[in-house]
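*Asks:*
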Amino acid sequence: MEQRIVLLTKFLQSLRNEVLEYFDKTHLYLKDLVSYKNIDLKEETLERNEESINTTLLLMLKAIKTGLNTIGVPIDKISKLQNNYLKEIDKERTELHNYGAFLELYLKNYINKILFEILIDYVLDADVKKIETLKLFKLIPQNFIDGLHEFRETFVNSRTKSFFLFSGIEENLNFSDLS
């Protein structure tokens, strides 16, 4: 576990700015998709009825699902994430005052995990296609891909690959802090 933390620390120290830029660009892309659905992220939700809020949230989640699936994230993975999110917001609804707050919670606590997992899959050479799609959509800078490749060459080998298994990484990173 200690070595996992060391590797994650090295990863984030060497590529933190690029990771944050990638997250920001992808968040903007997803927010654009939401805005195309005519959802006003500044609209107050405290005085809206439950049915109206749920309808708008489902429309927002559908737009995000489309965007994530377009870059290669499987629908079943997105659906599971969305179900977990909907359960969480049922508990926190009184703290979320507008649709933008609902979206930010989803982006930081759920979408960032998927975005980081895409990076790890690339570093482990498990999935190059998603990175190529991100590059095509200009959501990830070329120098970042070079940095990921360099990190892979320097730090990833048969002994360290297990440290990057995503289930273990979740225990060591707070994804909401990576925004």
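Heads up: the sequence shown at position 172 corresponds to 172 in the UniProt record's numbering, and the numbers run straight through without jumps. Backbone N, C-alpha and C fix where the C-beta goes; we use that ideal spot for every residue, glycine too.
Quick one: Cα of N49 to Cα of T133, how far?
*Replies:* One-based indexing of the sequence shown puts residue 49 at position 49. One-based indexing of the sequence shown puts residue 133 at position 133. Rounded to the nearest angstrom, the two C-alpha atoms are 39 Å apart.
*Asks:* Of all the options Q13, A126, P141, D40, which has the alpha carbon lying nearest to the alpha carbon of Y99?
*Replies:* As a first step, residue 99 must be located in the sequence shown, where it is residue number 99. Closest by alpha carbon: D40.
*Asks:* Taking T66 as the reference, give the member of T55, S79, I120 with the closest Cα.
*Replies:* To locate residue 66, count along the sequence shown from 1; it is residue 66. Nearest C-alpha to T66: S79.
*Asks:* Along the chain, where does the alpha helix (DSSP H) that runs through I114 open and close?
*Replies:* The residue given as residue 114 occupies position 114 in the sequence shown. Residues 112-123.
*Asks:* Helix, strand or coil for E47? Go by DSSP, reduced to three states.
*Replies:* To locate residue 47, count along the sequence shown from 1; it is residue 47. DSSP places E47 in coil when its eight states are reduced to three.
*Asks:* Name the two residues that bound the continuous alpha helix (DSSP H) containing S14.
*Replies:* Translated into positions along the sequence shown, residue 14 becomes position 14. Taken as a continuous stretch (DSSP letters only), the alpha helix (DSSP H) holding S14 covers 2-35.
*Asks:* When you compare each of I140, S14, E88, N83 to K62 by their alpha carbons, which one comes out closest?
*Replies:* As a position in the sequence shown, residue 62 is number 62, starting the count at 1. It is N83 whose Cα lies nearest to the Cα of K62.
*Asks:* Cα separation between I71 and K135?
*Replies:* Sequence index remark: in the sequence shown, residue 71 carries index 71 (1-based). Sequence index remark: in the sequence shown, residue 135 carries index 135 (1-based). Answer to the nearest angstrom: the Cα atoms are 10 Å apart.
*Asks:* Leaving aside the five residues before and after L105 along the sequence, list all residues of the same chain whose C-beta is less than 8 Å from its C-beta, in chain order.
*Replies:* Translated into positions along the sequence shown, residue 105 becomes position 105. Y85, E88, I89, E92, L96, listed in sequence order.
*Asks:* For the region 30-39 and the region 140-159, state whether three or more C-beta atom pairs, one from each stretch, are separated by less than 8 Å.
*Replies:* Flag = no, the region 30-39 and the region 140-159 do not touch.
*Asks:* Taking 7 Å as the limit between beta carbons, can you name the residues of its chain near K10, skipping five residues before and five after?
*Replies:* Numbered from its first residue, the sequence shown carries residue 10 at position 10. Only F155 meet the Cβ criterion.
*Asks:* DSSP on N109, reduced to helix/strand/coil?
*Replies:* Counting from one through the sequence shown, the residue named residue 109 turns up at place 109. Note: N109 maps to helix in three-state DSSP.
*Asks:* For I75, count neighbouring C-beta atoms within 10 Å of its own C-beta (all shown protein chains included) and say buried if the count is 16 or more, exposed if not.
*Replies:* Position 75 of the sequence shown holds residue 75. Flag for I75 reads exposed.
*Asks:* Taking the alpha carbon of I64 as the point to measure from, which residue in E51, I140, Y29, Y122 has its own alpha carbon closest?
*Replies:* Working through the sequence shown from its first residue, we reach residue 64 at position 64. I64 has its Cα closest to that of Y29, out of E51, I140, Y29, Y122.
*Asks:* Nearest-angstrom Cα distance between A126 and I118?
*Replies:* Along the sequence shown, read from residue 1 onward, the residue named residue 126 stands at position 126. Along the sequence shown, read from residue 1 onward, the residue named residue 118 stands at position 118. Between A126 and I118, the C-alpha separation is close to 9 Å.
*Asks:* Label K42 either buried or exposed according to how many other C-beta atoms from any shown protein chain fall within 10 Å of its C-beta, with 16 as the threshold for buried.
*Replies:* Residue numbering aside, residue 42 sits at position 42 when the sequence shown is read from its first letter. It counts as exposed.
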